[in-house]
């Protein structure tokens, strides 16, 4: 991997929040430089869980979640 600073973004399966990290990576080490966790809004969490549990949806609704 090329040395540099990288940003990672994820949400775990519990959907309790969105986590972001800034890491410096080189040949020898990975160093966390900053991190932030933002609580998942309840309406968004319900919409995502509904889709994951087989609720009917539309392509437009999936697109809104991916925006």
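Numbering (the UniProt record's numbering), first residue to last: 1 to 67.
By construction, the Cβ of each residue, glycine as well, lies at the ideal position given by its N, Cα and C atoms.
Every value quoted in this text rests on a predicted model; they were computed, and no experiment measured them.
I'd like to know whether the C-beta atoms of residue i and residue j end up nearer to each other than 7 Å.
| i | j | result |
| --- | --- | --- |
| residue 15 | residue 45 | yes |
| residue 39 | residue 17 | yes |
With DSSP collapsed to three states, give me the class of residue i.
| i | result |
| --- | --- |
| residue 54 | coil |
| residue 60 | helix |
Identify, in the order they occur along the chain, each residue of the same chain with its Cβ nearer than 8 Å to the Cβ of residue i, setting aside the five sequence neighbours on each side.
| i | result |
| --- | --- |
| residue 51 | 57, 61, 62 and 65 |
| residue 5 | 22, 23, 24, 25 and 33 |
| residue 12 | 19 |
Any idea which residues DSSP pairs residue i with across the strands?
| i | result |
| --- | --- |
| residue 20 | 9 and 36 |
| residue 30 | 25 |
| residue 4 | 25 |
Residues in the same chain with beta-carbon distance under 7 Å from residue i, minus the five sequence neighbours each way, listed in chain order, please.
| i | result |
| --- | --- |
| residue 10 | 19 |
| residue 31 | 23 and 24 |
Of all Cβ atoms in chain B, is any one closer than 7 Å to the Cβ of residue i?
| i | result |
| --- | --- |
| residue 33 | This model lacks chain B altogether, as it is built from one protein chain only. |
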